[in-house]
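Read the structure below first, then the notes.
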Amino acid sequence: MGYRNLTECLADLEQNGRLVRVQAEVDPYLEAGVIQRRVFQAGGPALLFTRVKGTRFPMACNIFGTLERTRWIFRDALRQLETLFATKADPMQGLRRLVRHPGQVPGLLRAGWNAAPKKVRGGAVFANTTTISELPHLVSWPGDGGAYVTLPQVYTESPSRPGTGRSNLGMYRVQLTGNDFVTDEEVGLHYQIHRGIGPHHAEALERGEPLPVNVFVGGPPAMTLAAVMPLPEGMPELFFAGAIGGRRMGMALPPGAGPGALPVLAEADFCISGEIVPDMEKPEGPFGDHLGYYSLTHDFPVLKVRQVWHRDGAVWPFTTVGRPPQEDTVFGTFIHELTEPLLPTVFSGVHQVHAVDQAGVHPLLLAVGSERYVPYEKERRPQELLTNGLALLGNTQTSLSKYVLIAAREDAPSLSAHDIPGFFRYVLERVDLNRDLHFITRTTIDTLDYSGISLNQGSKLLLAVAGAPRRKLADSLPGELNMPDGFGRPQVLAPGILIVQGPPHARERDQHDPLLEELAQSLESQQELTEFPLLVVVDDALFAATNWDNFLWVAFTRSDPATDLYGVGAFTHCKHWGCRGPLIMDARLKTYHAPPLETDPEVDRRVDALAAPGGPLHGII
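Going letter by letter, the sequence shown gives residues 1120 to 1740 in this note's numbering.
See the structure below:
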């Protein structure tokens, strides 16, 4: 029936050899984060730190550190939920499946029943009170602006129509210390655009009243998964938590609460309760984020803390983020497995999508769609694919994508968006650089992406291909390249992709670089480059060409399509931009970009000692 709370989950993991207790004292300042990232990279178990410096509360990490363990945690309800999603995607096929397997019907009915949260009197979370100062203060990276909650479940309800039916549960980072926050009275609440808390906050501002907020930490693992689930607006994550968790989520009013009080997850380990006050923002950040850089300091809403509760035996779960892959990668993969059958019901004509984790998820989306608009044309060209791509850029979390590459299933039924090298080769063989590049400028982008012209603002590129191959791709270096001073060290990553090292970037934000335009002009006469439709300029060519992970991270996190794409033989016709030769991408670190994440060597050495023979982490990391 699923876990009632985190305590049950951790005990079950330990009993089944999937969790290891660490009795040695661990420092939440940097050390715990390094351990978590290393155990994740090693494919290791969940860890429970029983002695944490500076706090009486134990901490747990890497709970969802492998896909196999995540599936195991949700094993009780997983089959029923998969059947439910498949039935919604294809009702007739789902009905036939249930006719063949009538034993699944009770499970589906239970999943529907469990989805509805229940009101309960009291709850384990109300057993004790504490303060922000007494909580574990996790600092993951040396440049972080303070301690953060990294697995928060931020709960709000519609101010105009309160109730769980119009609630939102999101994982928006919470800064506990640092900057100008008043100790124990204020915490920072960073939420990005396109997040469900936004409409609730907007309602509260329109009404001129504070927005009540509860931040749950711990509790049933299903609540953590639900908080990152990209559900359509109006579909409460709390309901999904009950379905995937195998039991109804109990919600209780705080002791002595008056009318209109916000309910609390009864089985949470901790709850930070407060409200966002109108017209009050303070600097939040910096914070080492999942793109592999710091998100810098910006003004965000302040949560005025009214109360902090915790259950008996409370455990503080945490993760850290950084250059992917990290533990949040597992969340993304698991969610994709669950929701893939629903894809055609949300995006008509789209058969596969792959938000590429190595590129930071939102910067790069690969997709396979349909091209059926004019089937009798002798020369196929993208038409329906453009409709598909624009739909992806206009709905759900795929709307945050920066580069969207989409190809037609009719041309290659076996093409997979998850075969990254194969997909790039397929696209580069077919792309018509005169025709197939479609830009959207001055639009919203991911808050964490600093490649655009300002916070939350940048551009997008939709690249769609259909039809037969247009070229053969080269897989070895061409002859001597005629490039301006400062450019050199050419490397071939894969067929059709040439990487070149360039001089350090020295321009202001949203300015084209004349050095890149000079590079494009110098390459116009070099016919051998026609077999390299993509040329990427980087700071370190050897690093970027070492493997696909490095290339994807550098190329798509360090470039903005409208600012950083150039072309050999570039032209503009009727406001459409294209080029006759290779497309040139400027993927150098820019003067205005956030710095990449780096660890503290001294902390690395301390963790090395913990992993040495005789140490508490020997054989684990």
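Where a beta carbon is used, it is the ideal one built from N, C-alpha and C, also for glycine.
Query                                                                                                                                                                                            : Result
Using a 10 Å radius around the Cβ and a threshold of 16 neighbouring Cβ atoms, would you call Ser1414 buried or exposed?                                                                         : buried
Taking its Cβ as the centre, do 16 or more other Cβ atoms sit within 10 Å of Asn1514, making it buried, or is it exposed?                                                                        : exposed
Skipping 5 residues on each side, what residues in its chain have a beta carbon closer than 8 angstroms to that of Glu1627?                                                                      : Thr1710, Tyr1711
Shortest alpha-carbon distance to Val1434 belongs to which of Ser1535, Ala1706, Phe1419, Pro1339?                                                                                                : Pro1339
Whole angstroms is fine: what's the gap from Ser1467's alpha carbon to Glu1647's?                                                                                                                : 40 angstroms
In the DSSP assignment, find the unbroken alpha helix (DSSP H) run with Tyr1522 in it and report its ends.                                                                                       : That residue, Tyr1522, is in no alpha helix (DSSP H); its beta strand (DSSP E) goes 1522-1527.
Looking at the strands, I want to know which residues DSSP matches up with Asp1658.                                                                                                              : Asp1658 is not bridged to any residue.
Would you mind giving the Cβ-Cβ distance between Thr1189 and Phe1183, rounded to the nearest angstrom? I have them listed as a contact below 8 angstroms.                                        : 5 angstroms
Looking at the strands, I want to know which residues DSSP matches up with Leu1485.                                                                                                              : His1473, Leu1524
In angstroms, rounded to a whole number, what distance separates the CA positions of Ala1660 and Leu1547?                                                                                        : 20 angstroms
Determine the DSSP secondary structure at His1319, reduced to helix, strand or coil.                                                                                                             : helix
If Leu1511 sits next to Val1469, beta carbons under 8 angstroms apart, how far is it from one beta carbon to the other, in whole angstroms?                                                      : 7 angstroms
Below 8 angstroms on the Cβ atoms is my guess for Val1523 versus Gly1508; work out the distance and round it to an integer in Å.                                                                 : 5 angstroms
Can you name, in chain order, every residue of its own chain whose Cβ lies under 6 angstroms from the Cβ of Leu1567, other than the five neighbours on each side?                                : Asp1408, Leu1410, Ser1414
By the 10 Å Cβ neighbour count, where 16 or more other Cβ atoms means buried, how is Val1293 classified, buried or exposed?                                                                      : buried
Hey, how far is the Cα of Gln1504 from the Cα of His1692?                                                                                                                                        : The question names Gln, but residue 1504 in the sequence shown is Leu. For Leu1504 and His1692, the distance between alpha carbons rounds to 22 angstroms.
Give every residue of the same chain whose Cβ lies closer than 6 angstroms to the Cβ of Leu1485, excluding the five residues on either side of it in the sequence, and list them in chain order. : His1473, Leu1524, Ala1536, Phe1542
Could you work out which residue in Leu1519, Asp1555, Thr1563, Pro1494 is closest to Glu1529 when comparing CA atoms only?                                                                       : Pro1494
Mind the definition here: the stretch 1326-1335 touches the stretch 1254-1263 only if three or more C-beta pairs lie below 8 angstroms; say whether that holds.                                  : no
Who are Trp1696's beta bridge partners in DSSP?                                                                                                                                                  : Thr1691
Can you grab the Cα-Cα spacing for the pair Asp1388 / Ala1674, in whole Å?                                                                                                                       : 41 angstroms
Between the alpha carbons of Leu1254 and Val1301, how many angstroms are there, rounded?                                                                                                         : 15 angstroms
What's the gap between the Cα of Tyr1569 and the Cα of Ala1243?                                                                                                                                  : 42 angstroms
Since Leu1653 and Leu1702 are thought to touch, with beta carbons under 8 angstroms apart, how far apart are those beta carbons, to the nearest angstrom?                                        : 6 angstroms
Taking the alpha-carbon positions, what's the Gly1297 to Val1334 distance?                                                                                                                       : 19 angstroms
Is any beta-carbon of chain B found at less than 7 angstroms from that of Glu1150?                                                                                                               : As a matter of chain content, chain B is missing from the structure shown, which is built from one protein chain.
Run through the DSSP bridge pairs and tell me what Asp1418 is partnered with.                                                                                                                    : Pro1402
Taking buried to mean at least 16 other C-beta atoms within 10 Å of its own C-beta, is Leu1635 buried or exposed?                                                                                : buried
Any idea which residues DSSP pairs Asn1287 with across the strands?                                                                                                                              : Thr1275
Locate the alpha helix (DSSP H) running through Trp1435, then write down its first and last residues.                                                                                            : That residue, Trp1435, is in no alpha helix (DSSP H); its beta strand (DSSP E) goes 1435-1437.
Taking the alpha-carbon positions, what's the Arg1123 to Pro1164 distance?                                                                                                                       : 21 angstroms
Between Lys1579 and Pro1680, which are expected to be in contact by the criterion C-beta below 8 angstroms, what is the C-beta distance as a whole number of angstroms?                          : 6 angstroms
How many Å lie between Pro1281 and Leu1381 at the Cα?                                                                                                                                            : 9 angstroms
Measure the C-alpha to C-alpha separation of Gly1393 and Val1421 and round it to an integer number of angstroms.                                                                                 : 10 angstroms
Kindly indicate which residue of Glu1356, Asp1705, Glu1459 has the alpha-carbon position closest to the one of Ala1234.                                                                          : Glu1356
When you compare each of Leu1736, Ala1246, Tyr1148, Glu1133 to Phe1437 by their alpha carbons, which one comes out closest?                                                                      : Tyr1148
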